[in-house]
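Straight run, no breaks: the sequence shown in this note's numbering ends on number 201.
C-beta atoms are modelled at their ideal positions from N, C-alpha and C, and glycine is treated no differently.
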Amino acid sequence: MVNNGFKGVIGHKEIIDYIQNAVQQNKVSHAYILNGERGSGKKLLANLFAMTLECQNHESVEPCYECHSCKQIISGNNPDVIRITHEKPNTISVDDIRQQINNDIMIKPYANPYKIYIVPNADLMTVQAQNAILKTIEEPPEYAV
């Protein structure tokens, strides 16, 4: 991940402005859907957003890349940023959602203000998985994004 933050992202200006305004005004919602073609930068935006929310240097609406939290997110080892995985190649099952989100979300963040769940390729969720995540999205704990 290049250390340019949101400035290094090509396109997505409206989304970036929206995210940065939410962070700046401390009005972060509990759920965001980043939709677009494969390869359009959704995962990059999700990671930058997670880094910005968890960054320990609160000097701007950009991640610092230097604090412990940013370094952990870059390396994929931040305990409060969970990337949902799935065993079946083309499906995110109800068990994947229950085990990785529903059974985990009530545990408070370990070291950061938020507990962030990133669901790459959410379009692969089965109807049952979508239903399982729905209650969590509708009634999340205050620290969940």
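For residue j and residue i, the rounded distance between their alpha carbons
i: residue 132; j: residue 150; result: 24 Å
i: residue 189; j: residue 183; result: 10 Å
i: residue 103; j: residue 95; result: 14 Å
i: residue 68; j: residue 87; result: 18 Å
i: residue 80; j: residue 177; result: 28 Å
i: residue 118; j: residue 129; result: 14 Å
i: residue 155; j: residue 66; result: 35 Å
i: residue 116; j: residue 144; result: 40 Å
i: residue 93; j: residue 175; result: 15 Å
i: residue 159; j: residue 76; result: 30 Å
i: residue 121; j: residue 60; result: 9 Å
i: residue 82; j: residue 197; result: 16 Å
i: residue 161; j: residue 126; result: 21 Å
i: residue 192; j: residue 199; result: 12 Å
Which of helix, strand or coil DSSP assigns to residue i
i: residue 107; result: helix
i: residue 154; result: helix
i: residue 84; result: coil
i: residue 74; result: helix
i: residue 144; result: coil
i: residue 171; result: strand
i: residue 183; result: helix
i: residue 54; result: No answer is possible for residue 54: it lies beyond the span of the chain, which begins at 57 and ends at 201.
i: residue 137; result: strand
Residues of its chain near residue i, where Cβ-Cβ distance is below 6 Å and the 5 sequence neighbours each way are ignored
i: residue 173; result: 138 and 157
i: residue 72; result: 62
Integer-rounded CB distance, given that residue j should sit under 8 Å from residue i
i: residue 140; j: residue 152; result: 7 Å
i: residue 142; j: residue 100; result: Between residue 100 and residue 142 the Cβ distance is about 20 Å, and since that is not below 8 Å, they are no contact.
i: residue 113; j: residue 123; result: 5 Å
Beta-carbon proximity list for residue i, same chain, < 7 Å, skipping 5 on both sides
i: residue 84; result: 78, 109 and 201
i: residue 98; result: 90 and 92
i: residue 187; result: none
Neighbourhood of residue i by C-beta, 8 Å cutoff - its chain only, sequence neighbours within 5 removed
i: residue 148; result: 140, 142, 175, 177, 178, 180, 181, 182 and 185
Touch test, the segment 162-180 against the segment 106-124, Cβ-Cβ under 8 Å, three pairs minimum:
Under the three-pair Cβ rule at 8 Å, the segment 162-180 counts as touching the segment 106-124.
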